[in-house]
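*Asks:*
Protein chains: 2
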Amino acid sequence: MYNTNPAVLISEVGPRDGLQSVQATMSTVHKLRWIDALHASGLREIEVGSFVPAKLLPQMADVADVLRHALGLPGWTVMALVPNLRGAEAALQAGVQKLTVPVSASAAHSLANVRKTREEMVAEVARIVALRNATAPRVQVEVGMSTAFGCTLQGLVPDDDVIWLAAALARAGVDEIGLSDTTGMANPAQVRRLFYKLRAEVGDKTGAAHMHNTRGLGLANCLAAYDVGVRTFDSSLGGLGGCPYAPGASGNVVTEDLVFMFEAMGVATGIDLKKLIAARAPLQAGLPGEPIYGMTPEAGLPKGFMHV
Amino acid sequence: MYNTNPAVLISEVGPRDGLQSVQATMSTVHKLRWIDALHASGLREIEVGSFVPAKLLPQMADVADVLRHALGLPGWTVMALVPNLRGAEAALQAGVQKLTVPVSASAAHSLANVRKTREEMVAEVARIVALRNATAPRVQVEVGMSTAFGCTLQGLVPDDDVIWLAAALARAGVDEIGLSDTTGMANPAQVRRLFYKLRAEVGDKTGAAHMHNTRGLGLANCLAAYDVGVRTFDSSLGGLGGCPYAPGASGNVVTEDLVFMFEAMGVATGIDLKKLIAARAPLQAGLPGEPIYGMTPEAGLPKGFMHV
Chain A
79 MYNTNPAVLI SEVGPRDGLQ SVQATMSTVH KLRWIDALHA SGLREIEVGS
129 FVPAKLLPQM ADVADVLRHA LGLPGWTVMA LVPNLRGAEA ALQAGVQKLT
179 VPVSASAAHS LANVRKTREE MVAEVARIVA LRNATAPRVQ VEVGMSTAFG
229 CTLQGLVPDD DVIWLAAALA RAGVDEIGLS DTTGMANPAQ VRRLFYKLRA
279 EVGDKTGAAH MHNTRGLGLA NCLAAYDVGV RTFDSSLGGL GGCPYAPGAS
329 GNVVTEDLVF MFEAMGVATG IDLKKLIAAR APLQAGLPGE PIYGMTPEAG
379 LPKGFMHV
Chain B
79 MYNTNPAVLI SEVGPRDGLQ SVQATMSTVH KLRWIDALHA SGLREIEVGS
129 FVPAKLLPQM ADVADVLRHA LGLPGWTVMA LVPNLRGAEA ALQAGVQKLT
179 VPVSASAAHS LANVRKTREE MVAEVARIVA LRNATAPRVQ VEVGMSTAFG
229 CTLQGLVPDD DVIWLAAALA RAGVDEIGLS DTTGMANPAQ VRRLFYKLRA
279 EVGDKTGAAH MHNTRGLGLA NCLAAYDVGV RTFDSSLGGL GGCPYAPGAS
329 GNVVTEDLVF MFEAMGVATG IDLKKLIAAR APLQAGLPGE PIYGMTPEAG
379 LPKGFMHV
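If you're matching them up, the sequences are chains A and B in order. When we follow our numbering, the leftmost residue of the first sequence carries the number 79, and every step to the right adds one. When we follow our numbering, the leftmost residue of the second sequence carries the number 79, and every step to the right adds one.
(1) When you compare the region 234-251 of chain A with the region 197-206 of chain A, are there three or more beta-carbon pairs, one atom per stretch, that lie closer than 8 Å?
(2) Checking the sheet assignment: what are the DSSP bridge partners for T213 of chain A?
(3) Mind checking which residues open and close the beta strand (DSSP E) that includes I88 of chain B?
(4) Which residue comes first and which comes last in the alpha helix (DSSP H) that contains G165 of chain A?
(5) If we cut at 8 Å on Cβ distances, does A302 of chain A have a partner in chain B?
(6) Taking 6 Å as the limit between beta carbons, can you name the residues of its chain near A168 of chain A, skipping five residues before and five after?
(7) What are the start and end residues of the beta strand (DSSP E) that includes I124 of chain B?
(8) Determine the burial state of M373 of chain B: buried for a count of at least 16 other Cβ atoms within 10 Å of its Cβ, exposed for fewer.
(9) Return helix, strand or coil for D350 of chain B, following the three-state DSSP convention.
(10) Measuring CB to CB, does R210 of chain A end up less than 8 Å from L170 of chain A?
(11) Between the beta-carbon of P131 of chain A and the beta-carbon of T103 of chain A, is there less than 8 Å?
(12) Using DSSP's beta-bridge definition, name the partner residues of L379 of chain B.
(13) Can G92 of chain A and D350 of chain A be called in contact, C-beta distance under 8 Å?
(14) Across the region 212-229 of chain A and the region 254-271 of chain A, are there enough close Cβ pairs to call them in contact, namely three or more that are closer than 8 Å?
(15) Report yes or no: is there a C-beta of chain A within less than 8 Å of the C-beta of N291 of chain B?
(16) Would you mind giving the Cβ-Cβ distance between A287 of chain A and C300 of chain A, rounded to the nearest angstrom? I have them listed as a contact below 8 Å.
(17) Using a Cβ-Cβ cut-off of less than 7 Å, give me the residues of the region 213-235 of chain A that come near chain B, in sequence order.
(18) Count the other CB atoms within 10 Å of the CB of S89 of chain A; is the residue buried (16 or more) or exposed (fewer)?
(19) Determine the direct distance from the alpha carbon of R293 of chain A to that of L116 of chain B, and round the result to whole angstroms.
(20) Within the region 295-325 of chain A, note down every full beta strand (DSSP E) run reaching 3 residues or more, in order along the chain.
(21) Is the CB of L297 of chain B under 8 Å away from at least one CB in chain C?
(22) So, L318 of chain A versus V107 of chain A, is the Cβ gap smaller than 8 Å?
(23) Check S99 of chain B in the structure and name its three-state DSSP category.
(24) Taking only beta-carbon atoms, is V332 of chain B less than 8 Å away from chain A?
(25) Which of the residues in the region 242-263 of chain B, read from start to end, lie with their CB under 8 Å from any CB of chain A?
(26) With C-beta atoms as the reference, is P84 of chain A less than 8 Å away from A346 of chain A?
(27) Got a sec: is the Cβ-Cβ distance from D335 of chain B to anything in chain A below 8 Å?
(28) Is D238 of chain A buried or exposed, if buried means 16 or more other CB atoms sit within 10 Å of its CB?
(29) May I ask whether a heavy atom of the ligand FMN can be found less than 7 Å away from the beta carbon of M223 of chain B?
(30) Please list the partners that A342 of chain A has in chain B, where partner means a Cβ-to-Cβ separation under 7 Å.
(31) Between S184 of chain A and V235 of chain A, is the Cβ-Cβ spacing less than 8 Å?
(32) Quick check: is the beta carbon of K381 of chain B nearer than 8 Å to any beta carbon in chain A?
(33) Start and end of the beta strand (DSSP E) containing I241 of chain A?
(34) Leaving out five residues before and five after P322 of chain A in sequence, what residues of the same chain have Cβ atoms less than 7 Å from its Cβ?
(35) Taking only the alpha-carbon atoms, compute the straight-line gap between S154 of chain A and I113 of chain A and give it to the nearest angstrom.
If you want it as structure tokens, here you go:
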């Protein structure tokens, strides 16, 4: 059924990025059902939650339980977001397989989002790496560089800032550095240029493309990243989520549409689209009334469609 | 204000493809206001209507009046769709500057849509070209090859059918042959492959990419076409329209999002995005209650955005 030699890795961020962006809190039992359905579709990486204080994000209060459940399902990598060392300690204790740390390329967004300068965040990441090295050397540490393509607060984010920050993070010992279009300002020419520069700077530490569909360019930007060698893509089932701290930002790339694009192109994802679309039901059951998106689920798969 | 050396040509099809796909009929006075607003945005090509019997498409009954008005506005090419020789006679009499004739690549769709085989359509196109040559040699004749990327009736449309048909149309004397994703089944790899093969077959007669957003891939497919040298793109303000004869087909590419993508990439369109977005108001005034789409108009232009 599933392609056993996928060409791209789709990293589902809905249970983290999606759920922490909506007002309602999904109950733990609904989260577990949704994650089971996502696993059944053939996904090989999932971001299950954020290790942050429950009073800041009550939607994530049960993250350790959700993580434990996801770890019991075989054949995928279970990630969690941690904003700082304290979060990393908790996530590592809970048995996380991969950490992702958001670091803003925009100086203004960094201060607004985590009240730290970018340099302070690099130092924090270095402490997280040291903890990982000492206590859980097999755990991967990824940085998702937010506002890499522009910022709603400061506007333009110079390429040089992105590459300078990536180099500093590589020196700090992270395994992967991805670029996030937090604010939906990226365009395909910029995506190609920045990922090309990123690879020139950090080589195989080049990580995921995390694109938003704020202005409709999400898939075009993923295609552009694929064209310059990116092979990991963050997306969210039903397009759930965005960044609540970047005013006007909205709309993760829809996993269903992204998987359809790649499979239709002959690029294997290892994901069964019908089962992926079926995972919308437990999402909707757990978040009644919350709008979800996706053109492929609405239109259906085209006549004659086959997975790679 | 406008870039006087645009790198791509955006061909607005809303007044034809959009209006003939909705149930309501826009009044002539509203059409003229809408066309004025589209012209003011800097568009350089527009498809104003179809020359078809009014009893088949009452939305197009006033096409000659609308055409005459559009011809009075300077600096753009005024097109009309004609399904056959009779339509071409009427359009040429009305003073059209460019004819577009739909010809299906899918044998099944050709019979369902115009009750003619593809070979009969090539013969009809040859008669249209002969009429043009005899009576209005400066008028351009374009074929938009529908279902070039797949068909909801027959499923797969072989590349060889598309290229065979393009070659026959080139021999019949048309000036441009574009490829249309009538059914929203195209993917970027296929778009690159087919336009590459098309150019190899017909050279500079390669025409527009007419993409649909049925499964969310509209802009990614436009990017793919741009990558292999396509420089004319059909789209519809507010994403109005689709093909009423291809079951399940919907969603023209949204002009506003397409223009935003190119301008953000540094590819000049010659179009002022604010004025383009302002042209949504007369569209909505003329079609009250009709849903229109577009991510860029909803999100707004990003901070620091500049036209090329």
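Just so it is clear, CB atoms sit at the ideal spot from N, CA and C, and this is done for glycine as well.
*Replies:* Considering the structure as presented:
(1) yes
(2) Against the first sequence, residue 213 of chain A aligns to sequence position 135. T213 of chain A pairs with nothing; no bridge assigned.
(3) Along the second sequence, one-based indexing puts residue 88 of chain B at 10. Its beta strand (DSSP E) spans residues 87-90.
(4) Within the first sequence, numbered from 1, the residue matching residue 165 of chain A stands at position 87. Where G165 of chain A is concerned, the enclosing alpha helix (DSSP H) stretches over 163-171.
(5) Taking the first sequence and counting its residues from 1, one reaches residue 302 of chain A at position 224. A302 of chain A counts as touching chain B.
(6) Within the first sequence, residue 168 of chain A is the residue found at index 90, counting from 1. Correct list, in chain order: F129.
(7) Translated into the one-based positions of the second sequence, residue 124 of chain B becomes position 46. Counting along the chain, the beta strand (DSSP E) containing I124 of chain B begins and ends at 123-128.
(8) In the second sequence, the residue the question calls residue 373 of chain B occupies position 295. Burial call: buried.
(9) Mapped onto the second sequence, residue 350 of chain B falls at position 272. Coil, per DSSP.
(10) The residue labelled residue 210 of chain A in the question sits at position 132 within the first sequence. The residue labelled residue 170 of chain A in the question sits at position 92 within the first sequence. Taking 8 Å as the Cβ cut-off, R210 of chain A and L170 of chain A qualify as a contacting pair.
(11) On the first sequence, residue 131 of chain A is found 53 positions in, with the first residue counted as 1. On the first sequence, residue 103 of chain A is found 25 positions in, with the first residue counted as 1. At the C-beta level, P131 of chain A and T103 of chain A stay beyond 8 Å of one another.
(12) In the second sequence, the residue the question calls residue 379 of chain B occupies position 301. Note: L379 of chain B sits in no beta bridge, so no partner.
(13) The residue labelled residue 92 of chain A in the question sits at position 14 within the first sequence. The residue labelled residue 350 of chain A in the question sits at position 272 within the first sequence. In this structure, D350 of chain A does not lie closer than 8 Å to G92 of chain A by Cβ.
(14) yes
(15) As a working note, residue 291 of chain B is residue 213 in the second sequence. Chain A, which has a Cβ nearer than 8 Å to the Cβ of N291 of chain B, makes this yes.
(16) Taking the first residue of the first sequence as 1, we reach residue 287 of chain A at position 209. Taking the first residue of the first sequence as 1, we reach residue 300 of chain A at position 222. About 6 Å; that satisfies the 8 Å criterion.
(17) Answer set for the region 213-235 of chain A: G228, T230, G233, L234.
(18) By one-based count along the first sequence, residue 89 of chain A stands at place 11. Per the 10 Å Cβ criterion, buried.
(19) Along the second sequence, one-based indexing puts residue 116 of chain B at 38. Along the first sequence, one-based indexing puts residue 293 of chain A at 215. Distance between the alpha carbons of L116 of chain B and R293 of chain A is about 21 Å.
(20) 310-313
(21) Here the protein chains are A and B, and chain C is not one of them.
(22) Here residue 318 of chain A corresponds to residue number 240 of the first sequence, with the count starting at 1. Here residue 107 of chain A corresponds to residue number 29 of the first sequence, with the count starting at 1. No, they are not a contact pair.
(23) The sequence position of residue 99 of chain B within the second sequence is 21, counting from 1. In the structure shown, S99 of chain B sits in a helix (DSSP, three-state: H, G or I).
(24) Start at 1 with the first residue of the second sequence, and residue 332 of chain B comes out as number 254. Yes, its Cβ sits closer than 8 Å to a Cβ of chain A.
(25) Listed in sequence order: T261, G262, M263.
(26) Translated into positions along the first sequence, residue 84 of chain A becomes position 6. Translated into positions along the first sequence, residue 346 of chain A becomes position 268. Closer than 8 Å, so yes.
(27) By 1-based counting over the second sequence, the position of residue 335 of chain B is 257. Chain A contact via Cβ: present.
(28) Within the first sequence, numbered from 1, the residue matching residue 238 of chain A stands at position 160. It counts as exposed.
(29) The model on display carries no ligand, and the ligand FMN is accordingly not part of it.
(30) Within the first sequence, numbered from 1, the residue matching residue 342 of chain A stands at position 264. A342 of chain A reaches chain B at N265, counting residues in chain order whose Cβ is nearer than 7 Å.
(31) For this step, residue 184 of chain A is matched to residue 106 along the first sequence. For this step, residue 235 of chain A is matched to residue 157 along the first sequence. Yes, the pair counts as a contact, with Cβ atoms nearer than the cut-off.
(32) On the second sequence, position 303 is the one that residue 381 of chain B refers to. True, the Cβ-Cβ gap to chain A drops below 8 Å.
(33) On the first sequence, residue 241 of chain A is found 163 positions in, with the first residue counted as 1. Looking at the DSSP string, I241 of chain A is not in any beta strand (DSSP E); the run it does join, the alpha helix (DSSP H), is 237-249.
(34) Working through the first sequence from its first residue, we reach residue 322 of chain A at position 244. With a pLDDT of only 48 at P322 of chain A, under the threshold of 50, the placement of this residue in the model should not be trusted, and no figure is reported.
(35) Start at 1 with the first residue of the first sequence, and residue 154 of chain A comes out as number 76. Start at 1 with the first residue of the first sequence, and residue 113 of chain A comes out as number 35. Inspection of the sequence shows that residue 154 of chain A is occupied by Trp rather than by Ser. For W154 of chain A and I113 of chain A, the distance between alpha carbons rounds to 12 Å.
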